[in-house]
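Below is one structure, written out as C-alpha cells; the observations come after it.
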Amino acid sequence: DRASVYNNIAWEYAEKGENLEEAKKMAAFAVDYARKEMNMPSGKRNALDTEKEWTSQRKQTFGMYGDTYAYILNKTGDAKAAAALQAEVIDITKGKETEMNERYTSYLEASGASELRYTLEGFILNGHATQKMKEQFKKLYISEDKGEAGATAYLARLEKEAKANKKKELVKTMINEPSIPFNLVNLEGKNVSLESLRGKVVVVDFWATWCGPCKASFPGMQLAVNQYKNDPDVAFVFIDSWEKGADKAKNAADFIASKGYTFNVLMDNEDKVIASYGVSGIPTKFVLDRNGKIRFKTVGFEGSDEGLAEELSILIETAKGQP
Numbered sequence: 003d004r005a006s007v008y009n010n011i012a013w014e015y016a017e018k019g020e021n022l023e024e025a026k027k028m029a030a031f032a033v034d035y036a037r038k039e040m041n042m043p044s045g046k047r048n049a050l051d052t053e054k055e056w057t058s059q060r061k062q063t064f065g066m067y068g069d070t071y072a073y074i075l076n077k078t079g080d081a082k083a084a085a086a087l088q089a090e091v092i093d094i095t096k097g098k099e100t101e102m103n104e105r106y107t108s109y110l111e112a113s114g115a116s117e118l119r120y121t122l123e124g125f126i127l128n129g130h131a132t133q134k135m136k137e138q139f140k141k142l143y144i145s146e147d148k149g150e151a152g153a154t155a156y157l158a159r160l161e162k163e164a165k166a167n168k169k170k171e172l173v174k175t176m177i178n179e180p181s182i183p184f185n186l187v188n189l190e191g192k193n194v195s196l197e198s199l200r201g202k203v204v205v206v207d208f209w210a211t212w213c214g215p216c217k218a219s220f221p222g223m224q225l226a227v228n229q230y231k232n233d234p235d236v237a238f239v240f241i242d243s244w245e246k247g248a249d250k251a252k253n254a255a256d257f258i259a260s261k262g263y264t265f266n267v268l269m270d271n272e273d274k275v276i277a278s279y280g281v282s283g284i285p286t287k288f289v290l291d292r293n294g295k296i297r298f299k300t301v302g303f304e305g306s307d308e309g310l311a312e313e314l315s316i317l318i319e320t321a322k323g324q325p
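For what it's worth, our numbering labels the leading residue of the sequence shown as 3, then goes sequentially.
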C-alpha cells in the first residue's frame with residue numbers, strides 16, 4: 003500500500019540525509035494512515051488471524067512508521083516532537099527493540115528531557131540497552147558529581163541485576179525435546195553430522211542470505227562464537243536453508259566471506275533439516291545439551307548484538323548444567 007511505500011522511501015531519504023522535507027511529508031502520511039488503521043481499521047480481519055493478532059499487527063505497523071517519522075522529526079530539528087512520538091513506539095514494542103530505544107534516548111537528550119537518566123536506567127535494567135546507551139548513562143551519572151568510578155560501579159551493578167533477571171526469565175523457557183539427526187556438507191566440503199557433535203552443547207542457527215533479520219543478527223552471533231572459540235565443549239553450526247538461486251553454496255560462501263565471519267555453515271539444500279525441526283520462520287536457533295536434547299528455541303532478532311551474545315551465553319551455560 004501507499005503508506006508502506008512512503009515509509010520505506012522516507013526512511014531511505016533520512017538515512018542518506020536527503021530530501022528531508024519530502025521525507026517528512028511521506029512519513030507523516032504513513033503515520034496518520036497507520037494511526038487511523040490502528041484505532042478504526044478500514045479493512046476486514048484475515049480469517050486466519052485472531053482478533054488479538056490482527057490488533058497486534060496494526061500496532062506493529064504504527065510502531066514501524068512512527069519510528070521512521072520520529073527519526074525524521076529529529077533530523078529536521080524537532081527533537082521534542084520526535085521523543086513524544088517515539089514514546090508511543092516504545093510503548094508498543096514494550097521497550098524490547100534496542101535500536102528504537104537508542105533513538106528514543108537520543109531524542110530525549112537532544113530535547114533536554116529531565117527523565118533521560120531514569121529512562122536509560124530502566125532500559126539497562128531490562129537488558130534492552132545498547133553500549134551507546136550505557137555510555138550515555140555513565141556520562142549523565144558523572145555529570146551529577148558522582149565521579150567516573152562511581153558511575154562505572156553503578157552501571158556494573160545494573161548490568162549484573164539485568165543479567166540475573168534475564169537468566170531467570172530465560173530458564174523458564176527451557177524445554178526437553180529430542181533433536182533430529184542430520185548430516186550435511188559445510189562450505190569447506192566436509193560432512194558434519196549432529197552425531198559427531200555429541201558430548202558438546204550445540205547451537206544450531208537456521209538462516210538464509212536473503213533473510214534481513216538473520217544477517218542483522220550475525221555480528222552478535224560472531225561475538226558469541228568468539229566467546230566460545232576456545233571451549234571444546236561448545237559448537238556452533240549455521241544451517242543455510244530456504245536458500246534461493248542456482249548456486250546456493252556460492253551465495254552463502256560469498257556472503258560469509260564478504261563479512262569475515264568465522265562460522266561453520268552447513269548447506270541444507272533440499273530444506274529437509276529445517277522441515278524436520280518444524281521451523282516456520284528464520285532466524286530460528288536451537289540450543290542442544292551434551293546428550294543432544296533440545297533445551298532452548300529462540301525465534302527472531304531483537305536488534306542488540308551484545309544482548310544476543312549475552313542471551314546465548316546464558317542459554318549455553320544453562321544447557322551445560324543439564325544431566
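Using N, Cα and C, we set each Cβ at its ideal position, and we do this for glycine too.
Label methionine 28 either buried or exposed according to how many other C-beta atoms from any shown protein chain fall within 10 Å of its C-beta, with 16 as the threshold for buried.
buried
CB of isoleucine 177 within 8 Å of CB of lysine 299, strictly:
yes
Is it the case that the Cβ atoms of tyrosine 109 and alanine 85 are separated by a distance below 8 Å?
yes
Could you give the distance in angstroms between the alpha-carbon of leucine 186 and the alpha-carbon of glutamate 99?
34 Å
Proximity winner among Pro180, Asp291, Leu225, Ala32, relative to arginine 200 (alpha-carbon distances):
Asp291
Segment contact flag, the stretch 194-209 with the stretch 158-173, C-beta cutoff 8 Å, min 3 pairs:
no
Count the other CB atoms within 10 Å of the CB of aspartate 235; is the residue buried (16 or more) or exposed (fewer)?
exposed
Run through DSSP, which three-state label would methionine 66 get?
helix
What does the alpha-carbon distance come out to for the pair asparagine 10 and serine 243?
Spanning the two alpha carbons is a distance of roughly 27 Å.
N-terminal and C-terminal residue of the alpha helix (DSSP H) that lysine 252 is part of:
Counting along the chain, the alpha helix (DSSP H) containing lysine 252 begins and ends at 250-261.
For lysine 126, the first and last residue of its enclosing alpha helix (DSSP H):
The identity of residue 126 in the sequence shown is isoleucine, whereas the question assumes lysine. Unbroken alpha helix (DSSP H) run through isoleucine 126: 118-127.
Where in the stretch 159-232 do unbroken runs of the beta strand (DSSP E), each at least 3 residues long, occur, reported from the N-terminal end onward?
185-188, 193-195, 203-209
With distance defined between alpha-carbon atoms, name the residue in Gly97, Leu142, Phe265 nearest to glycine 222.
Phe265
What does DSSP give as the partner residues of valine 268 in its beta bridges?
It should be noted that the sequence gives leucine, not valine, for residue 268. Beta-bridge pairing links leucine 268 to Asn188, Ile241.
Three-state secondary structure assigned by DSSP to leucine 317
Leucine 317: helix per DSSP, three-state reduction.
Please state the DSSP three-state secondary structure of phenylalanine 303.
coil
Distance between alanine 251 and leucine 269 (C-alpha atoms, nearest Å)
As written in the sequence, residue 269 is methionine, which differs from the leucine given in the question. Spanning the two alpha carbons is a distance of roughly 7 Å.
Between Ala237, Ala210, Asp233, which lies nearest to serine 198 when the distance is taken from Cα to Cα?
Ala237
Check whether the Cβ atoms of tyrosine 67 and glutamine 88 sit closer than 8 Å, and answer yes or no.
no
Length of the line joining the Cα atoms of phenylalanine 303 and lysine 287:
10 Å
On the premise that lysine 77 lies in contact with alanine 16, defined as a C-beta separation below 8 Å, what is that separation, rounded to the nearest angstrom?
6 Å
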